[in-house]
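159 is the number that our numbering gives to position 159 of the sequence shown; each next residue is one higher, with no gaps.
Heads up, the beta-carbon is just placed ideally off N, CA and C, and yes, glycines get one too.
For reference, the structure discussed in these notes is given below.
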Amino acid sequence: MQSLHPDPKAQYTSVYGALKKIVRTEGFWRPLRGINVMVMGAGPAHAMYFACYENMKRTLNDVFHHRGNSHLANGIAGSMATLLHDAVMNPAEVVKQRMQMYNSPHRSALSCIRTVWRTEGLEAFYRSYTTQLTMNIPFQAIHFITYEFLQEQVNPHRGYNPQSHIISGGLAGAIAAAATTPLDVCKTLLNTQEHVALSLANISGRLSGMANAFRTVYQLNGLPGYFKGVQARVIYQMPSTAISWSVYEFFKYFLTKHNLDTRTPY
């Protein structure tokens with residue numbers, strides 16, 4: 001849905017309409033293309049992401065709020081964690097999005113990696129890294145600040161409460177996703193190097209740089225172009241962040257409790 005000038009056979013008017021059309025014309029499993037490369041990247045990326053966030057949050061809260069809860073500290077910690085997360089996930093995003101484009105020539109993640117490496121070099125996997133950081137740093141800042149704020153409201157004692165983690169995580173992800181959709185549209189253009197869009201914008205060769213992506217999107221679709229796929233992005237992020245936070249909080253509670261239970265008393 002974020003494609004600026006899709007093939008006539010791949011023009012969608014709604015999230016449900018897109019899903020139905022994709023399944024009908026391209027097969028039942030088509031919406032899951034790229035899942036393997038995302039699974040491989042998500043494990044190490046999220047491990048670094050939450051480890052960095054917890055350590056930075058604890059350190060910065062001590063500095064800013066003397067062991068209290070500072071929204072500024074939470075935002076900075078989330079932004080720092082994003083640097084590590086995106087270093088791993090950016091190449092996975094490039095492969096996933098190229099495989100998901102309509103009529104993609106890539107039949108597997110491995111063939112996509114080989115083709116991109118051979119024809120465009122290593123830089124192709126990080127062409128959108130600065131744009132992804134420009135999107136994800138505000139996304140994660142909004143995400144973490146909103147999550148911590150909502151936790152203060154619905155779970156003030158900060159105990160293990162699955163319902164509060166799911167609600168806070170889902171709402172935080174939805175708000176952050178909607179706010180950063182324009183940057184996601186530009187990132188998608190840089191990742192996919194959409195040929196029809198680039199030719200219509202009279203761009204020869206490869207498009208690079210966030211500023212150029214912003215200009216191209218506006219040139220081709222105006223202001224509405226920055227919000228292409230906003231519904232799909234919010235629908236995707238809500239369960240994603242809700243699941244992520246609830247699973248993380250569960251293991252945090254389980255491991256902390258286990259360590260306390262097995263600690264040898266002096």
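Between which residues of its own chain and Val-217 is the CB-CB distance below 7 Å, once the five residues before and five after are set aside?
Setting aside the 5 residues that flank it on each side, Val-217 is surrounded in the same chain by Leu-4, Val-185, Cys-186, Leu-189, Gly-225, Tyr-226, each with a C-beta closer than 7 Å to its C-beta; the list follows chain order.
So what does DSSP say about Glu-26, is it helix, strand or coil?
helix
Just to confirm before moving on: does the CB-CB distance between Thr-241 and Ala-178 stay below 8 Å?
no
So, at 6 Å on beta carbons, what are the nonlocal neighbours of Thr-146 in its own chain, with the 5 sequence-adjacent residues on each side left out?
The beta carbon of Thr-146 lies closer than 6 Å to those of Ala-172, Ile-175 in the same chain, with the five residues before and after it left out.
Nearest by alpha-carbon distance to Gly-170: which of Thr-256, Lys-9, Val-15, Ile-235 is it?
Ile-235
DSSP state of Ser-199, grouped into three classes?
helix
Taking its Cβ as the centre, do 16 or more other Cβ atoms sit within 10 Å of Thr-82, making it buried, or is it exposed?
buried
Any idea if Val-154 is buried or exposed, counting beta-carbon neighbours within 10 angstroms, 16 or more meaning buried?
exposed
Distance check for Ser-246 and Gly-121, CA to CA, integer angstroms please.
38 Å
Is the segment 127–138 touching the segment 189–205, taking contact as three or more C-beta pairs under 8 Å?
yes
Applying the criterion that 16 or more other CB atoms from any shown protein chain within 10 Å of the CB defines a buried residue, is Thr-274 buried or exposed?
The chain is shown from 1 up to 266; residue 274 falls before or after that span and cannot be answered.
Run the CB neighbour count on Tyr-53, radius 10 Å, all protein chains shown included, and call it buried at 16 or more, exposed below.
buried
Check whether Asn-55 and Phe-144 have beta carbons under 8 Å apart
no
Using the beta-carbon count (16 or more within 10 Å), is Tyr-49 buried or exposed?
buried
Buried or exposed (CB count within 10 angstroms, at least 16 for buried), Thr-256
exposed
From His-85 to Tyr-248, what distance separates their C-alpha atoms?
15 Å
Count the other CB atoms, across all protein chains shown, that sit within 10 Å of the CB of Glu-152; report buried if there are 16 or more and exposed otherwise.
exposed
Answer with yes or no whether the minimum CB distance from Thr-241 to chain B is below 8 Å.
As a matter of chain content, chain B is missing from the structure shown, which is built from one protein chain.
Determine the burial state of Ile-35: buried for a count of at least 16 other Cβ atoms within 10 Å of its Cβ, exposed for fewer.
exposed
So, Ser-79 versus Gln-140, is the Cβ gap smaller than 8 Å?
Yes.
Alpha carbon to alpha carbon, what distance is there between Phe-250 and Pro-91?
29 Å
Tell me the DSSP secondary structure of Tyr-49 in three-state form.
helix
DSSP state of Tyr-266, grouped into three classes?
Because Tyr-266 carries a pLDDT of 46, less than 50, the predicted location of this residue cannot be relied on, and the following value inherits that uncertainty. It is coil, neither helix nor strand.
Can you give me the C-alpha to C-alpha distance between Val-230 and Ile-142, rounded to a whole angstrom?
17 Å
Alpha-carbon to alpha-carbon, Val-63 and Arg-107
Just so you know, the alpha carbons of Arg-107 and Val-63 end up roughly 51 Å apart.
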